[in-house]
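*Asks:*
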Amino acid sequence: MWRETCYKAFNEYKFVGTFSAAAEICRKDDGTLAMPRDAETNNFLVSLERNKGSFYWIGLHDRRTEGKFEWMDGSVLGKYSSWSGREPDSKYGNEDCVAFSSYSNWGHWYDLKCNNREYFFCQVPPGRL
């Protein structure tokens, strides 16, 4: 638990999934993909990951309007972000979903294609996991 929210890392290969599939798994526990709205929460999530050299979905996307990132609850990105280098770049086209990296640039965010299969984090109210 971190700041009155429970987090669960889905960091085993059997759990990798698309952004939508990951979001659905979180929803089954009355949760959402994790929404790290500040550096401390982002760093907490980084501390949970176990698979170096992987990406982890977080609950941020620009699927409705290109370039306007919003959290899973519909709120706008806000002041805090942890984009890596030139991200978001939609380098390969239609990169509308966000994951953080556990490569050498740990905890920094990348926009990826939503149908990529990645690990992920859920956040749920206390007592739901």
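Mapped onto UniProt numbering, the consecutive letters of the sequence shown carry residue numbers 1 to 129. Ideal Cβ positions, reconstructed from N, Cα and C, are used throughout, including at glycine.
1. Excluding the 5 residues preceding and the 5 following residue 132 in the sequence, name in chain order all residues of the same chain whose CB lies nearer than 8 Å to its CB.
2. Where in the region 38–95 do unbroken runs of the alpha helix (DSSP H), each at least 4 residues long, occur, reported from the N-terminal end onward?
3. Determine the closest residue to C26 out of V46, M1, Y7 and Y92, with distance taken between C-alpha atoms.
4. Taking all protein chains shown into account, decide if Y56 is buried (16 or more other Cβ within 10 angstroms of its Cβ) or exposed.
5. May I ask you to report which of helix, strand or coil DSSP gives E4?
6. Within its chain, find whatever has a CB closer than 7 Å to the CB of G59; leave out the 5 residues flanking it on each side and keep chain order.
7. Taking buried to mean at least 16 other C-beta atoms within 10 Å of its own C-beta, is G93 buried or exposed?
8. Output the distance between the C-alpha atoms of F15 and K79, rounded to the nearest integer angstrom.
9. Between L65 and V76, what straight-line distance do the alpha-carbon atoms span, to the nearest angstrom?
10. Which residues bound the alpha helix (DSSP H) around A22?
11. Kindly indicate which residue of F121, P125 and G127 has the alpha-carbon position closest to the one of F10.
12. Run through DSSP, which three-state label would Y119 get?
*Replies:* For this structure:
1. With the chain running from 1 to 129 in the structure shown, residue 132 is simply not present.
2. Whole alpha helix (DSSP H) segments, 4+ residues: 39–48.
3. Ranking the options by Cα distance to C26, first place goes to Y7.
4. Classification of Y56: buried, given that the 10 Å Cβ count is 16 or more.
5. E4: coil per DSSP, three-state reduction.
6. The answer, listed in chain order, is T32, L33, A34, M35, W71 and M72.
7. Flag for G93 reads exposed.
8. Looking at the two C-alpha atoms, the distance is approximately 31 Å.
9. According to the sequence provided, residue 65 is Thr. The question's Leu does not apply to it. Between T65 and V76, the C-alpha separation is close to 12 Å.
10. In the DSSP assignment, A22 falls within the alpha helix (DSSP H) that extends over F19 to K28.
11. Cα-wise, what sits closest to F10 is F121.
12. Of the three classes helix, strand and coil, the one that applies to Y119 here is strand, per DSSP.
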